[in-house]
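Student: Please find one structure pasted underneath; my questions will follow.
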Amino acid sequence: MNRRPRPNTNNNTNYNIKGGFWLYGQHAVQAALLNRKRQKMRLVATSDAYETVTSKLEMPLKTGHEIVERPVLDQICGKEAVHQGIALHVMPLGSASIEDMLEREGPILMLDQVTDPRNIGAILRSAVAFGAAGVILQDRHSPDESGVMAKAASGGLDTIPIMRAVNLSRELTKLKEAGLWAVGLDAHGNLLNGADFVKRRVVLVLGAEGAGIRQLTKKNCDEIASLRMTGDIDSLNVSVAGAIALYEITRHFF
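Residue 410 is where the sequence shown ends in my numbering, and the numbering goes up by one at each step.
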């Protein structure tokens, strides 16, 4: 009979890190452990969370780990973080490429100066759910990977290719040259109709809340589309709008 691992009671353990970051939450940690491209440094978990996550892995855990009590996780992640009893110290992933995304099926998302890590994480989660091929972020105006982003993505941060681009318009041109149809989401566009894209592969462009898509990026889109909304509110959070648009674009393919 296997004995449950005992928690470390050494209060002098140093959990401050140099380089990388702590991601947390069972889905986020599990996805990172399964991602061969992710450099994993140290796993810290309660005994229950450790057993739950490692039981779902496809191979034995090779990352050094430590069993602790929940207050240690509060110290690492912050008391407000919903860490679910587990955290993993990782290094950031390298940027994917346009070629990585073109090799996969599904639409591609482009985020034009979306800066909230929770919104980006939620968009990554929707992108995985609706079979997107990848997500392109603007390098200078997007937050770095973080535990907050990974938790909101619920595993999406380690599941879908993510590219950081210096010039979005240039990458949009490359995608159009590869045969993709660029659709910018804006409140003043024509009604988005998924049936129009049955024979087209789409790159969906989402802008920051308030400012929306920048004019230069919008100019390079093939069309500007909006969502059908019949209530008194005429705009949605960018992650919600992105999820609805992805559903509309992909629902005719299934």
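We treat Cβ as the ideally placed atom computed from N, Cα and C, and that holds for glycine.
Bear in mind the structure is a predicted one, so any value in this text is a computation, not a measurement.
(1) Pick helix, strand or coil for V238, following the three-state DSSP scheme.
(2) Measure the C-alpha to C-alpha separation of R320 and G262 and round it to an integer number of angstroms.
(3) Could you tell me whether the Cβ atoms of I292 and E327 are closer together than 8 Å?
(4) Report the residue from P299, L244, E333 whose alpha carbon sits nearest the alpha carbon of G190.
(5) For P299, tell me which candidate among A285, Q269, A288 has the shortest Cα-Cα distance.
(6) Between R407 and the rest of its own chain, which residues show a CB-CB distance below 7 Å, the 5 nearest in sequence each way excluded?
(7) Among the candidates A343, G303, F353, L360, whose CA atom is the shortest distance from the CA of T386?
(8) Would you kindly work out how many angstroms separate the C-alpha atoms of D388 and A397, rounded to a whole number?
(9) Indicate the three-state DSSP secondary structure (helix, strand or coil) for D268 in the structure shown.
(10) Measuring only the C-alpha atoms, how far is S211 from L179?
(11) Could you tell me which residues DSSP puts in a beta bridge with L199?
(12) Looking at the structure shown, is Y180 part of a helix, part of a strand, or coil, going by DSSP?
(13) Determine the direct distance from the alpha carbon of V284 to that of A278, and round the result to whole angstroms.
(14) Where does the unbroken alpha helix (DSSP H) through I254 begin, and where does it stop?
(15) Using DSSP bridges, identify the partner residues of L341.
(16) So, are the CB atoms of L267 and A309 less than 8 Å apart?
(17) M319 bridges to which residues according to DSSP?
(18) Can you have a look at F353 and say buried or exposed, based on whether 16 or more other CB atoms are within 10 angstroms of its CB?
(19) Roughly how many angstroms separate the alpha carbons of G335 and I223, rounded to a whole number?
(20) Name the two residues that bound the continuous alpha helix (DSSP H) containing L402.
Tutor: Reading off the structure:
(1) Note: V238 maps to coil in three-state DSSP.
(2) One C-alpha to the other measures close to 19 Å.
(3) Contact flag set, yes.
(4) Going by the sequence as given, residue 190 is Leu instead of Gly. Comparing Cα-Cα distances from L190 to each of P299, L244, E333, the minimum goes to L244.
(5) The shortest C-alpha to C-alpha distance from P299 to any of A285, Q269, A288 is the one to Q269.
(6) The residues G350, in chain order, have a CB closer than 7 Å to that of R407 in the same chain once the five nearest residues on each side in sequence are set aside.
(7) Ranking A343, G303, F353, L360 by CA distance to the CA of T386 puts A343 first.
(8) Rounded to whole angstroms, D388 to A397 spans 16 Å at the Cα level.
(9) DSSP places D268 in strand when its eight states are reduced to three.
(10) The alpha-carbon atoms of S211 and L179 are separated by roughly 19 Å.
(11) Among the bridge pairs identified by DSSP, L199 is matched with H221, L244.
(12) The DSSP-derived three-state label of Y180 is strand.
(13) Between A278 and V284, the C-alpha separation is close to 10 Å.
(14) Going by DSSP, I254 is part of the alpha helix (DSSP H) stretching over 254-258.
(15) Bridge partners of L341: A381.
(16) Between L267 and A309, the gap from beta carbon to beta carbon reaches 8 Å or more.
(17) M319 pairs with I292.
(18) F353 counts as buried, since no fewer than 16 other beta carbons sit within 10 angstroms of its beta carbon.
(19) If I take the Cα positions, the gap works out to 50 Å.
(20) Element bounds for L402: 394-406.
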